[in-house]
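Below you'll find the structure, written out as structure tokens, and then a few comments.
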Amino acid sequence: MLEIRFHTFTKGSFLVSIKTIAIADLKIGMFLLEFNDSKQKIAVKKPGRVPNDKVIGKLAGDGIVEVTVDFSRSTFTTKIEPASWKRDKSKLVAFDNEIMRAHRLLKESKATVNKMLENVFADQVVDIEPLNKAADDIVESLSNNSDALHSLSALRTKDAYLAEHSLNVGVLLASFARYLGWTRDEQAQLIVGGIVHDIGKTRVDLEILNKPSRLEPHEFEHMKLHQVHSKSLLNEIEDLTQMSREVSTMHHEKLDGTGYPLGLKGEQLSEVGRMSSIVDIYDALTASRCYKKAMSPAAALKIMMGLSGHHLDEDLLKAFILCIGFYPVGSLVELSNNLLGLVWESNEDDMKKPIIKTFYNTQYKKYYEVKMIDLANSNLSIKRGVGPFEYGIDIDAYRYQPVG
Ligand SMILES: [Fe+2]
Numbered sequence: 001m002l003e004i005r006f007h008t009f010t011k012g013s014f015l016v017s018i019k020t021i022a023i024a025d026l027k028i029g030m031f032l033l034e035f036n037d038s039k040q041k042i043a044v045k046k047p048g049r050v051p052n053d054k055v056i057g058k059l060a061g062d063g064i065v066e067v068t069v070d071f072s073r074s075t076f077t078t079k080i081e082p083a084s085w086k087r088d089k090s091k092l093v094a095f096d097n098e099i100m101r102a103h104r105l106l107k108e109s110k111a112t113v114n115k116m117l118e119n120v121f122a123d124q125v126v127d128i129e130p131l132n133k134a135a136d137d138i139v140e141s142l143s144n145n146s147d148a149l150h151s152l153s154a155l156r157t158k159d160a161y162l163a164e165h166s167l168n169v170g171v172l173l174a175s176f177a178r179y180l181g182w183t184r185d186e187q188a189q190l191i192v193g194g195i196v197h198d199i200g201k202t203r204v205d206l207e208i209l210n211k212p213s214r215l216e217p218h219e220f221e222h223m224k225l226h227q228v229h230s231k232s233l234l235n236e237i238e239d240l241t242q243m244s245r246e247v248s249t250m251h252h253e254k255l256d257g258t259g260y261p262l263g264l265k266g267e268q269l270s271e272v273g274r275m276s277s278i279v280d281i282y283d284a285l286t287a288s289r290c291y292k293k294a295m296s297p298a299a300a301l302k303i304m305m306g307l308s309g310h311h312l313d314e315d316l317l318k319a320f321i322l323c324i325g326f327y328p329v330g331s332l333v334e335l336s337n338n339l340l341g342l343v344w345e346s347n348e349d350d351m352k353k354p355i356i357k358t359f360y361n362t363q364y365k366k367y368y369e370v371k372m373i374d375l376a377n378s379n380l381s382i383k384r385g386v387g388p389f390e391y392g393i394d395i396d397a398y399r400y401q402p403v404g
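Each residue of the sequence shown is one higher than the one before, counting from 1 in the working numbering.
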């Protein structure tokens with residue numbers, strides 16, 4: 001996979017992202033500004049997008065070794081080349097072992113995020129070291145067995161939305177990047193980006209932030225200011241990478257330019273920015289807030305598909321759906337025999353056939369004996385994804401319970 005991310009930086013009032021790359025990395029759709037042969041730089045007479053492979057071949061044949069590309073004007077769609085979906089099961093850490101570690105890790109990471117938010121509330125400088133440490137540990141756990149962290153992060157506490165949402169955005173972004181074959185270092189940068197992405201909310205009027213009903217238009221305008229606050233707060237964090245920063249600065253931008261704070265449009269939105277808006281919306285829809293109940297992942301993804309093309313990047317959204325699945329680990333599903341259960345472990349060979357922990361019968365409205373059903377070895381199938389509040393039962397009691 002092409003190892004280029006959109007290195008966007010601000011120059012004057014314009015967003016530019018210009019980079020010199022080897023001719024071997026040139027792709028159809030990239031916006032060419034300059035050719036470099038071994039001796040000199042040659043400005044392209046008419047800067048424009050590479051239309052086909054022929055042009056690339058001709059440039060290479062003419063002895064061009066490097067080209068300068070403006071990525072903000074390039075239209076090549078992101079390289080959806082899932083690299084790591086099929087995990088080598090024999091190399092995975094057993095779910096039961098990883099989940100114990102992941103439980104500790106998630107507890108520590110939440111404490112780290114809470115501490116960071118407290119520091120920002122108190123106008124203190126954010127130390128990036130603990131965030132980097134949490135990010136590295138999360139990347140490690142995802143690589144050991146990603147089902148463990150995903151099943152745990154499905155459990156949400158009522159009063160910790162900002163911290164949990166921030167951490168979840170980081171975890172989901174890392175999973176997404178992992179699926180796309182990005183490096184561990186990039187996954188870690190995205191986790192840090194997720195952790196700080198809504199940092200500006202610490203400067204928003206608390207009454208509006210915690211309002212138990214939908215925001216009035218003027219309140220929403222005030223809420224949008226969190227992006228302005230985020231920008232200045234991020235500038236104060238030493239050693240925050242550009243990739244981490246972009247998660248925050250671009251997660252409310254939309255492809256058609258109707259997002260905020262800058263109203264960036266199409267090609268101005270980096271790949272990281274596009275991924276971040278997908279993950280941010282997904283996590284917000286699947287979480288409960290004081291004014292709305294959590295949706296099932298399947299219902300949330302359906303809504304998001306309606307936003308693809310004009311708000312969200314269609315190709316990346318498709319990849320995200322393939323990455324987490326319509327029935328992600330930790331979500332609730334109803335089986336063909338009316339048993340209700342939690343998706344316990346994923347199955348990459350057939351995403352529709354994960355392992356389910358069942359405990360309730362929807363027909364008789366009765367709790368049943370807990371059973372693990374491996375759909376890969378069963379005639380049963382998933383009838384539908386179910387919202388966590390649909391049957392008014394206590395699901396969390398059936399999630400992983402730490403021993404000791
Ligand atoms: Fe936000």
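For glycine and all other residues, C-beta sits at the position ideal for the given N, C-alpha and C.
- Query: In terms of alpha-carbon separation, which member of N377, N144, A22 and Q363 lies closest to I356?
  - Reply: The residue labelled residue 356 in the question sits at position 356 within the sequence shown. Ranking N377, N144, A22 and Q363 by Cα distance to I356 puts N377 first.
- Query: Does the beta-carbon distance from K302 to Y260 come in below 8 Å?
  - Reply: The count along the sequence shown starts at 1 and reaches residue 302 at position 302. The count along the sequence shown starts at 1 and reaches residue 260 at position 260. No; because the gap between Cβ atoms is not below 8 Å, this pair is not in contact.
- Alpha carbon to alpha carbon, how far is N338 from E267? Give it in angstroms, no decimals. For this step, residue 267 is matched to residue 267 along the sequence shown. For this step, residue 338 is matched to residue 338 along the sequence shown. Distance between the alpha carbons of E267 and N338 is about 46 Å.
- Residue of P354, I321 and T157 minimising C-alpha distance to D396: One-based indexing of the sequence shown puts residue 396 at position 396. The residue with the shortest Cα to Cα distance from D396 is T157.
- Query: By Cβ distance, which residues of its chain are closer than 6 Å to I64, with the 5 residues on each side in sequence left out?
  - Reply: Working through the sequence shown from its first residue, we reach residue 64 at position 64. Answer for I64: I23, F35 and D37, listed in chain order.
- Query: Would you call the region 208-216 and the region 230-241 touching, i.e. three or more CB-CB distances under 8 Å?
  - Reply: Too few Cβ pairs lie closer than 8 Å, so no.
- Bridge partners - E345, DSSP secondary structure assignment: One-based indexing of the sequence shown puts residue 345 at position 345. In DSSP, E345 forms a bridge with I355.
- Query: In or out: S183 buried (at least 16 other Cβ within 10 Å) or exposed?
  - Reply: Against the sequence shown, residue 183 aligns to sequence position 183. Strictly speaking, residue 183 in this sequence is Thr, with Ser absent from that position. Counting C-beta atoms within 10 angstroms of its own C-beta, T183 has fewer than 16 neighbours from the protein chains shown and is therefore classed as exposed.
- Going by C-alpha distance, which of Y364, S109, D96 and V247 is nearest A135? Here residue 135 is taken as the residue at index 135 of the sequence shown, counted from 1. Across the set Y364, S109, D96 and V247, the C-alpha of S109 shows the shortest separation from the C-alpha of A135.
- Task: Below 6 Å CB to CB, which residues in the same chain sit around D313 once its five sequence neighbours on both sides are set aside?
- Result: By 1-based counting over the sequence shown, the position of residue 313 is 313. Here the set comprises R274.
- Query: According to the neighbour-count rule (16 or more other Cβ atoms, all chains shown, within 10 Å of its Cβ), is M304 buried or exposed?
  - Reply: On the sequence shown, residue 304 is found 304 positions in, with the first residue counted as 1. So M304 counts as buried.
- Report the rounded CA-to-CA distance for E3 versus L335, giving the unit in angstroms. Mapped onto the sequence shown, residue 3 falls at position 3. Mapped onto the sequence shown, residue 335 falls at position 335. Summary for E3: the model assigns pLDDT 34, below 50, so the residue's position carries little reliability; its value from the coordinates is reported in the next sentence. When rounded, the distance between both Cα atoms is 42 Å.
- Item | Pair within 8 Å by beta-carbon distance, A469 and I191 | Since the first residue shown for the chain is 1 and the last is 404, residue 469 is missing from the structure and cannot be characterised.
- Determine the closest residue to E369 out of L340, E216 and W344, with distance taken between C-alpha atoms. To locate residue 369, count along the sequence shown from 1; it is residue 369. Among L340, E216 and W344, the Cα nearest to that of E369 belongs to L340.
- Query: What residue from P297, V67, S244 and L316 has the CA that sits closest to Q40's CA?
  - Reply: For the purposes of this step, residue 40 is identified with residue 40 of the sequence shown, where counting begins at 1. Checking every option, the nearest Cα to that of Q40 belongs to V67.
- Message: By the three-class DSSP mapping on this structure, what secondary structure does V113 have?
- Response: Within the sequence shown, numbered from 1, the residue matching residue 113 stands at position 113. Three-state result, V113: helix.
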